[in-house]
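Worksheet: one structure, shown below.
In this note's numbering, the protein residues as written are 99 to 185.
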């Protein structure tokens with residue numbers, strides 16, 4: 099995935115499209131991840147997604163189902179943003 103991407107549109111299992119703002123992209127243990135938040139609505143919860151490749155070599159965003167992998171990504175995200183003064 100290009101580092102210049104600022105937003106993307108994701109389609110859920112019901113076919114509904116939602117635009118997300120890309121907060122950051124980073125690597126953990128040779129895998130790429132992206133943190134996104136919805137552009138509209140009241141939900142302000144960040145979503146972590148893994149960037150995989152499909153059989154044609156295209157980027158595919160995948161939900162992180164494994165609890166251990168999710169914890170590792172969460173810790174990496176927190177470490178990245180602990181350097182920023184959010185006040």
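Note that beta-carbon positions come from the ideal geometry of N, C-alpha and C, so glycine has one too.
Everything numeric in this text was worked out from a predicted model, so none of it was measured.
Exercise. Using DSSP with H/G/I as helix, E/B as strand and the rest coil, what is residue 146?
Worked result: Correct three-state label for residue 146: strand.
Problem set entry | For residue 169 and residue 162, the rounded distance between their alpha carbons | 10 Å
Exercise. Beta carbon of residue 102, beta carbon of residue 108: below 9 Å?
Worked result: No; because the gap between Cβ atoms is not below 9 Å, this pair is not in contact.
Problem set entry | CA-to-CA distance, residue 147 to residue 157, given in whole angstroms | Note on geometry: alpha-carbon atoms of residue 157 and residue 147 lie some 12 Å from one another.
Problem set entry | Residues of its chain near residue 136, where Cβ-Cβ distance is below 7 Å and the 5 sequence neighbours each way are ignored | 116, 118
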